[in-house]
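In this text, residue positions in the sequence shown follow this note's numbering: the first is 9, and each later residue adds one.
Single-structure report; data block below.
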Amino acid sequence: MKRAERRSEAGVGRVLVVDDEPDIRELLELTLLRMGLDVDAVGSIGAAKERLRDGQYELCLTDMRLPDGEGLELVRHIAALPIDVPVAVITAYGSAENAVAALKAGAFDYVSKPVGLEQVRALVRSAL
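In structure tokens:
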């Protein structure tokens, strides 16, 4: 089933936000909620994996550096699941090497912080 079909059945897109900075999580969550999306926001890879076991998502936005590992681990984890969830990496530690690694791991986009809200909205629209 395609993402758009799942979203229309559920009535709203569901996004998983993974960032260890509470202010960034809140900013992303508020932005996505204003776009009419359902949002779950967590601060670690472990919490993200738990949420992925318990629910369906149309998109995941993850930070690169998290307290319990690298965001690339989460990108690889999601890519290995039998689900179609695009992952975008949003990080303050942007580099060409990290961007290539994220895309090779399965991320559909890689954005360096600080990221503008319009850039977040455009990224989400392109994924959904």
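No residue lacks a Cβ here, since even glycine has one placed at the ideal position from N, Cα and C.
Predicted model, so just to flag it, every value in this text is computed and none were measured.
- Contact between the region 100–116 and the region 42–49 is absent: fewer than 3 CB-CB pairs across the two stretches fall below 8 Å.
- Taking all protein chains in view, the Cβ of TYR118 is crowded by 16 or more other Cβ atoms within 10 Å, so the residue is classified as buried.
- Cβ-Cβ separation between LEU24 and VAL128: approximately 14 Å, too far for a contact (criterion under 8 Å).
- For SER120, no alpha helix (DSSP H) run applies; the uninterrupted beta strand (DSSP E) run containing it begins and ends at 117–120, by DSSP.
- Listed in chain order, the beta strand (DSSP E) runs fully inside the region 48–127 are 67–70, 95–99, 117–120, counting runs of at least 3 residues.
- The beta carbon of VAL83 is closer than 8 Å to those of THR70, VAL95, VAL97, ALA110, ALA113, GLY114, ALA115 in its chain, skipping five residues each way along the sequence.
- Listed in chain order, the non-local C-beta contacts of ARG22 below 6 Å within the same chain comprise ASP46, TYR65, GLU66, local neighbours out to five positions each way being set aside.
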